[in-house]
Amino acid sequence: MKTGKEPYVAAFLSTIVVLVFTAGCDGERGEQRFGTAIDHQAAKVTLAELVAKPEAYDGQHVIVEGQFAGGCGDGDFYFKDKFDIIEADPPAPEVLSLQKGTPIRLYGRVKVRRTGAVDAAEKGEIAEGTDAKKEAEVQVKIAGRGIEVIR
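Listed below in structure tokens is the structure:
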């Protein structure tokens, strides 16, 4: 005995099957994002390039790949690659729940700050003829806008 509902039931079951498989695919990718979407038009740089020539990127938005290396005591986190490590501002507090060593793609604005000799030069404590910029300690930080976990 046909009730006329068979096409609707079949369509409903097909939809459920598609949703289950789609959800399974998303889970396998394990895509985690924090903050805003990454602007893939931003300059892609390595952490080594950023540390070697920070002035070239100061104030610019960049994309850099590395690892989450743990949280700092002040709410920031350490971001590292093979040899270099810097601090970064997380775009969302949930970033700090990542496991150390988690590979991530970080998108944000570069902040460069010089300390040490520049302060001394301003106070007249550096010998004449000495380049205060070379004597200064450079701190590079990224103000994170978006993070993607890389799988």
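In the numbering used here, the protein residues as written are -18 to 132. Backbone N, C-alpha and C define an ideal beta-carbon position, used for all residues, glycine too.
Range of the contiguous alpha helix (DSSP H) that encloses residue i
i: residue 50; result: Counting along the chain, residue 50 falls outside any alpha helix (DSSP H), though it belongs to the beta strand (DSSP E) covering 42 to 52.
i: residue 28; result: 28 to 33
Sequence-distant residues of its chain with Cβ nearer than 6 Å to residue i (five each side left out)
i: residue 45; result: 26, 28 and 87
i: residue 42; result: 23 and 90
i: residue 10; result: Below a pLDDT of 50, predicted positions are generally treated as unreliable, and residue 10, at 47, falls in that range; no measurement from the model is reported.
i: residue 13; result: 130
Nearest neighbour of residue i, chosen from the options [CA to CA]
i: residue 93; options: 16, 66 and 36; result: 36
i: residue 144; options: 32, 96, 70 and 63; result: Look at the range of the chain in this structure, -18 to 132, and you will see that residue 144 is not part of it.
i: residue 62; options: 78, 83 and 132; result: 83
i: residue 51; options: 64, 81 and 39; result: 81
i: residue 120; options: 131, 130, 97 and 132; result: 97
i: residue 49; options: 33, 85 and 38; result: 85
Buried versus exposed call for residue i [16 or more other C-beta atoms within 10 Å across all chains shown]
i: residue 47; result: buried
i: residue 54; result: exposed
i: residue 75; result: exposed
i: residue 66; result: exposed
i: residue 64; result: exposed
Opening and closing residue of the beta strand (DSSP E) in which residue i lies
i: residue 84; result: 84 to 96
i: residue 76; result: Where residue 76 is concerned, there is no enclosing beta strand (DSSP E), given that its DSSP letter is neither H nor E.
i: residue 68; result: 66 to 70
i: residue 36; result: From DSSP, residue 36 is part of no beta strand (DSSP E); its letter is neither H nor E.
i: residue 126; result: 118 to 130
i: residue 61; result: 58 to 61
Beta-carbon proximity list for residue i, same chain, < 8 Å, skipping 5 on both sides
i: residue 72; result: 15, 16, 17, 89, 125, 126, 127 and 128
Chain-order list of residues whose beta-carbon lies under 7 Å from that of residue i (same chain, five-residue window excluded)
i: residue 59; result: 50, 51, 53, 66 and 68
(message) For the stretch 12 to 25 against the stretch 53 to 67, do three or more pairs of beta-carbon atoms, one drawn from each stretch, fall closer than 8 Å, so that the two count as touching?
(response) no
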